[in-house]
Amino acid sequence: AQSVTQLDSQVPVFEEAPVELRCNYSSSVSVYLFWYVQYPNQGLQLLLKYLSGSTLVESINGFEAEFNKSQTSFHLRKPSVHISDTAEYFCAVSKGYQKVTFGTGTKLQVIP
Amino acid sequence: DAGITQSPRYKITETGRQVTLMCHQTWSHSYMFWYRQDLGHGLRLIYYSAAADITDKGEVPDGYVVSRSKTENFPLTLESATRSQTSVYFCASSAGGGYTFGSGTRLTVV
């Protein structure tokens, strides 16, 4: 079975500072990896995904994540956060295109 | 409107009552899912469906029933609601490469 660990439940960071949200997974087979973002009172939105190819993937709003197979990690980073990035971020893994397993989420709080 | 819609957005029901949460998608995605979101647990899969008339249990299926007679609809029924089923429920669909989620239904069982 696959699982996802997000060790940080909350991450406060000042505006314009860099941030890293950590994600580690466990799986005995090759996996697909995802980051989702959830704004208050909304559903989850796909932020970025790794399916194959380049291990560094980017989103349209400046986030990036790097698939590290040896460390079984898929950390999310942004060099300079904005107030609008305040949200909860979920890392997720699947061994195929379906049945995604989610982490427990990390709340990013951007401080003005 | 194209997308995935859930109804109702908010629901309060009494213990022991039957309640159905609706989910409708307009893309004809083959896969659909129901998750519940609770503090400290993240999202947990209740049921999923690979196609019309094909459903399967997820991580926490007890107390729930699903059906999928049409590709676009995937209702979730709580046969006899309990307080432990108070949660936010999300429906999602997928054609591969990631999910698209609905806005959720906040269910309170009193």
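Going down the list, the sequences are from chains A and B.
Under this note's numbering, residues 443 to 554 are what the first sequence spells out, in order.
Under this note's numbering, residues 3 to 112 are what the second sequence spells out, in order.
The C-beta atom is built at its ideal place from N, Cα and C for all residues, glycine as well.
Please confirm whether residue i and residue j have their CB atoms less than 8 angstroms apart.
| i | j | result |
| --- | --- | --- |
| Phe35 of chain B | Leu47 of chain B | yes |
| Glu508 of chain A | Leu498 of chain A | yes |
| Ala33 of chain B | Ser96 of chain B | Inspection of the sequence shows that residue 33 of chain B is occupied by Tyr rather than by Ala. Yes. |
| Phe516 of chain A | Cys465 of chain A | yes |
| Gly558 of chain A | Ala534 of chain A | There is no way to answer for residue 558 of chain A, as the model of chain A reaches only from 443 to 554. |
| Thr88 of chain B | Leu109 of chain B | yes |
| Ser469 of chain A | Gln448 of chain A | no |
| Val68 of chain B | Tyr49 of chain B | yes |
| Gln452 of chain A | Ala529 of chain A | no |
| Phe532 of chain A | Gly44 of chain B | yes |
| Ser472 of chain A | Leu489 of chain A | no |
Any idea if residue i is buried or exposed, counting beta-carbon neighbours within 10 angstroms, 16 or more meaning buried?
| i | result |
| --- | --- |
| Gln513 of chain A | exposed |
| Arg85 of chain B | exposed |
| Asp527 of chain A | buried |
| Ser51 of chain B | buried |
| Arg11 of chain B | exposed |
| Thr28 of chain B | exposed |
| Lys59 of chain B | exposed |
| Ser496 of chain A | exposed |
| Lys511 of chain A | exposed |
| Ala53 of chain B | exposed |
| Lys72 of chain B | exposed |
| Thr17 of chain B | exposed |
| Gly42 of chain B | exposed |
What are the boundary residues of the beta strand (DSSP E) that residue i is part of?
| i | result |
| --- | --- |
| His26 of chain B | 21–27 |
| Gln8 of chain B | 6–9 |
| Val499 of chain A | 498–500 |
| Thr548 of chain A | 548–553 |
| Gln87 of chain B | Where Gln87 of chain B is concerned, there is no enclosing beta strand (DSSP E), given that its DSSP letter is neither H nor E. |
| Lys13 of chain B | 12–15 |
| Ala443 of chain A | Careful: Ala443 of chain A lies outside any beta strand (DSSP E) and carries neither H nor E. |
| Pro454 of chain A | 452–456 |
| Asp116 of chain B | With chain B covering 3 to 112 only, the question about residue 116 of chain B has no answer from this structure. |
| Tyr467 of chain A | 466–468 |
| Val112 of chain B | Neither: Val112 of chain B is in no beta strand (DSSP E) and is coded neither H nor E. |
| Leu78 of chain B | 78–80 |
| Ser462 of chain A | In the sequence under discussion, the amino acid at residue 462 of chain A is Glu, which differs from the Ser named in the question. Its beta strand (DSSP E) spans residues 461–463. |
Per DSSP, residue i is paired with what?
| i | result |
| --- | --- |
| Leu47 of chain B | B:Tyr37 |
| His31 of chain B | DSSP lists no partner for His31 of chain B. |
| Asn440 of chain A | Residue 440 of chain A lies beyond the stretch modelled for chain A, which goes from 443 to 554, so this question has no answer here. |
| Ala529 of chain A | A:Leu550 |
| His517 of chain A | A:Glu508 |
| Tyr474 of chain A | A:Ser536 |
| Glu96 of chain B | Residue identity check: residue 96 of chain B is Ser in the sequence provided, not Glu. Per DSSP, B:Tyr33. |
| Asp58 of chain B | B:Tyr50 |
Using a threshold of 7 angstroms, is the CB atom of residue i nearer than that to any non-hydrogen atom of the ligand ADP?
| i | result |
| --- | --- |
| Ser512 of chain A | The ligand ADP is not among the ligands present in this structure, which contains no ligands whatsoever. |
* Positions along the segment 484–496 of chain A whose CB lies within less than 8 angstroms of some CB in chain B -> Residues are counted here when their Cβ sits less than 8 angstroms from a Cβ of chain B; for the segment 484–496 of chain A these are Gln484, Gly485, Leu486, Gln487, Leu488, Lys491, Leu493, given in chain order.
* To do: Name, going along the chain, the residues of the segment 28–45 of chain B whose beta-carbon falls closer than 7 angstroms to a beta-carbon of chain A.
  => So the close ones are Tyr33, Gly42, His43, Gly44, Leu45.
* If contact means a Cβ-Cβ distance below 7 angstroms, which residues of the segment 526–546 of chain A contact chain B? -> For the segment 526–546 of chain A, which is checked against every Cβ of chain B, the residues closer than 7 angstroms are Phe532, Tyr539, Gln540, Lys541, Val542, Phe544, Gly545, Thr546.
* Listed in chain order, which residues of the segment 62–96 of chain B have Cβ atoms closer than 9 angstroms to some Cβ of chain A? -> So the close ones are Phe92, Cys93, Ala94, Ser96.
* Residues in the segment 468–482 of chain A with C-beta within 7 angstroms of chain B's C-beta atoms, listed in sequence order? -> Of all residues in the segment 468–482 of chain A, only Phe476 place a beta-carbon less than 7 angstroms from a beta-carbon of chain B.
* **Residues of the segment 48–59 of chain B whose Cβ lies closer than 7 angstroms to any Cβ of chain A, in chain order** => Here the close residues are Tyr50.
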